[in-house]
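Here is the structure we will look at.
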Amino acid sequence: MIAIGCDHGGLELKESVIKHLKDRGFEVKDFGTYTSDSVDYPDIAAKVCPEVLNGSCEFGILICGTGIGISIAANKHKGIRAALCSDPYSAAKTKEHNNANVICMGGRVTGPDLANTIVDAYIDAKFEGGRHQNRIRKITDIENNQ
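What follows is the structure, encoded as structure tokens:
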């Protein structure tokens with residue numbers, strides 16, 4: 402199960418990504434928004450991130466106008482490693498090196514074809530562990546000591 406959510410700036414892109422994921426055979430849990438009415442992106446991150454953290458969903462996808470605000474909000478949740486991805490290379494590397502559990506995109510700056518390619522690159526990548534696990538442990542230590 403994949404958790405997905407967006408604010409009003411990411412609605413159209415979210416709908417496209419959901420279709421793409423379902424076409425690939427994935428189950429998707431949609432946390433809104435469902436209309437173009439204004440909504441605050443921290444509220445959407447607050448719905449998606451707990452589902453990732455409690456294991457109900459394998460990972461999350463968050464979308465706002467640029468992807469910046471929603472990635473900042475997601476990273477305030479202890480245990481979330483959210484990465485703003487604007488290209489497939491970064492999406493693959495954030496899984497391989499950072500084991501990111503949420504990817505973020507911008508609905509106003511990323512087209513649907515590129516977004517689907519980004520999502521595919523993230524999904525198809527595998528965490529490499531090793532030296533990267535040590536770095537994640539250091540990030541977690543920082544998070545736990547604040």
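Heads up: the sequence shown begins at 402 in the working numbering, then just goes up one per residue. Built from N, CA and C at the ideal position, the CB exists for glycine as well. Fair warning: this is a prediction, and the values are worked out from it, not measured in the lab.
For Ser457, the number of other beta carbons within 10 angstroms of its own is below 16, and it is reported as exposed. Between Gly466 and Gly507, the gap from beta carbon to beta carbon is short of 8 angstroms.
Residue state for Gly531 is assigned as coil, using DSSP reduced to three classes. The three-state reading of DSSP puts Cys450 in helix, counting H, G and I together. Approximately 6 angstroms separates the beta-carbon atoms of Ala484 and Asn499; this is inside 8 angstroms, confirming the contact. In this structure, the beta-carbon distance from Ile419 to Phe432 does not fall below 8 angstroms. Linking Ala404 to Glu497 through their CA atoms gives a straight-line distance of about 20 angstroms. Annotation note: the stretch 459-504 contains the following uninterrupted alpha helix (DSSP H) runs of length 4 or greater, listed N- to C-terminal: 469-475, 489-497. Around the beta carbon of Asp525, fewer than 16 other beta carbons lie within 10 angstroms, which makes this residue exposed. Selection His409, Ile543, Tyr490 evaluated against Val440 yields His409 as nearest (Cα-Cα). Between the beta-carbon of Val453 and that of Val503 there is about 6 angstroms, and that keeps the pair under the 8 angstroms contact cut. Less than 8 angstroms separates the beta-carbon of Ala474 from that of Tyr442. In the DSSP secondary-structure assignment, Ile405 is bridged to Asp431, Ile462.
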